[in-house]
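All residue numbers for the sequence shown refer to the numbering used here, where the first residue is 1 and numbers rise by one.
Everything on this sheet refers to the single structure shown next.
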Amino acid sequence: MSTSSKSGKAAGRTAGDAAGARRESLVALYRTMALVREVEQALSRLFANGEVPGFIHLSLGQEAIAAGVTSAMEPQDSLATTHRGHGHVLARGIDVDGFFKEIMGRAGGLCKGRGGSMHVADLSLGILGANGIVGAGIPIALGSAIAHATRRTDGVAVAFFGDGAMAEGVLHETLNMAALWKVPLMLVCENNGWSEFSPTSRQFAAKLEALAAAFGIAYARVDGNDAPAVAEAAREACAALRAGRGPFVLECITHRVRGHYEGDPQKYRDADELQALEGKDPLARMRRVLGEAGVPDSRVQGIDDEIRARVEAAIEAARADEPPAFADAVGDVYTSIGAEIRQ
């Protein structure tokens, strides 16, 4: 066999391997997005049935951001999320059984059923917690980024926030400190165009890009409904962060399919806008991408069926679990102090 023939076959194998690797990365993104979608839809039904205490804020329509950003994260990384944070923690790999038990107020929940929808946390995965206060997770992620830098973990901290937090002072303070200290902090803005019941244009006078530039912070804007594009932007941001280039702001333009909270009648939104959302579904878009990459429909359907069964099993496990004991309400309030400290 000639040298040129061998080279040609090697090049063909390399191209085939690259295509296969890309195909599997796309499948992984879709699997994560499908899990988030299935869980959020299930929670909507559970809430309507009165099985979820308190309020819930669903991330339907924003699945591509959670999947894309977390795909770039490594085990040592950390994240802080928001009141609309189910997708982020699910994408990070949180236990689905424990997740449902937590939101349904069961003792076996991730936080023993005491945190609920807006306070899900799992430190073993670097999930520093969701937060019911707008923008409050941003300085928590900053602290984690400082810890990564101090301990030299090669870790990155991610702060998810919505466009409603752009007007919060804590974001500006965080940008200032992160820029001064050049910490590995990625600030991910999920800009869905609505801050509770007000359009973004009525609650923030500037642009996030200009705000980042004012502090000398790198910025990128991406279509938040395009999962591969989000993943690529997040990978580039993480590479820069790990190289010590300072913080990074990633703005993802997306859409909020549901109201601010589940049950919100959305009378403040135009009917044409709501109808147009049907053509912007990130999962439908991702299915088209998979088809173009050569992934058969049967495989996609198999993923959907597998996830649906997994979610149904988790719901039944949560229903069978006990609520927290009243006597446990006073536990886990204060950190236990060891004998060596007391002395």
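Glycine included, C-beta positions come from ideal geometry on N, C-alpha and C.
These numbers come from a predicted model, not from an experiment.
Check, Outcome
"Whole-angstrom distance between L60 and A66, CA atom to CA atom", "11 Å"
"Cβ distance (whole Å) where M186 is taken to contact L250 below 8 Å", "6 Å"
"Test item: CB-CB of E63 and L283 under 8 Å", "yes"
"Between the CA atoms of L90 and T32 - distance to the nearest angstrom", "8 Å"
"Secondary structure of R45, DSSP reduced to three states", "helix"
"Spatial distance of E190 from E24 (CA atoms)", "26 Å"
"Cut-off 7 Å between Cβ atoms - residues of its own chain near A233, not counting five sequence neighbours on either side", "A220, V222 and L250"
"Close Cβ partners of E258 (< 6 Å) along its chain, the five nearest in sequence each way excluded", "First, the amino acid is wrong: residue 258 is Arg here, not Glu. So the list reads L58 and L60, once near-sequence residues are dropped."
"Nearest neighbour of V188, chosen from A149, L290, K182 and C238 [CA to CA]", "C238"
"Helix, strand or coil at V222 according to DSSP, with G and I counted as helix", "strand"
"Sheet register partners of V158 (DSSP bridge)", "L79 and M186"
"Cβ shell of A325 (< 8 Å), same chain only, five flanking positions each side left out", "A107"
"Completely contained alpha helix (DSSP H) runs for the region 95-166, where each covers 4 or more residues", "96-103 and 137-151"
"Residue of A320, I146 and R287 minimising C-alpha distance to F100", "A320"
"C-beta contact flag for G116 and E168 at 8 Å", "no"
"Cβ neighbours of E102 in the same chain (closer than 7 Å, five flanking residues each side left out)", "G109, L110, C111, G113, G115, G116 and V120"
"For I253, the first and last residue of its enclosing beta strand (DSSP E)", "F248 to I253"
"Three-state class that DSSP yields for N191 in the structure shown", "strand"
"Cβ distance (whole Å) where N192 is taken to contact T254 below 8 Å", "5 Å"
"Inter-residue spacing [alpha-carbon to alpha-carbon] between S336 and M118", "25 Å"
"Extent of the continuous alpha helix (DSSP H) to which S71 belongs", "E63 to S71"
"Alpha-carbon to alpha-carbon, N49 and G244", "49 Å"
"V333 in three-state terms, based on DSSP", "coil"
"Same chain, Cβ closer than 6 Å to Q76, five either side skipped, listed in chain order", "T153 and G155"
"The alpha helix (DSSP H) enclosing Q203, as first and last residue numbers", "From DSSP, Q203 is part of no alpha helix (DSSP H); its letter is neither H nor E."
"Run of the alpha helix (DSSP H) containing I315, from where it starts to where it stops", "D297 to A320"
"Rounded separation between E74 and L125 - CA only", "10 Å"
"Top-ranked residue by Cα proximity to L79, from T14, L26 and F160", "F160"
"Span separating the alpha-carbon of E322 from that of A178", "43 Å"
"Proximity to G87 [Cα-Cα], best of G105, A276 and L29", "L29"
"The alpha helix (DSSP H) enclosing V170, as first and last residue numbers", "G169 to W181"
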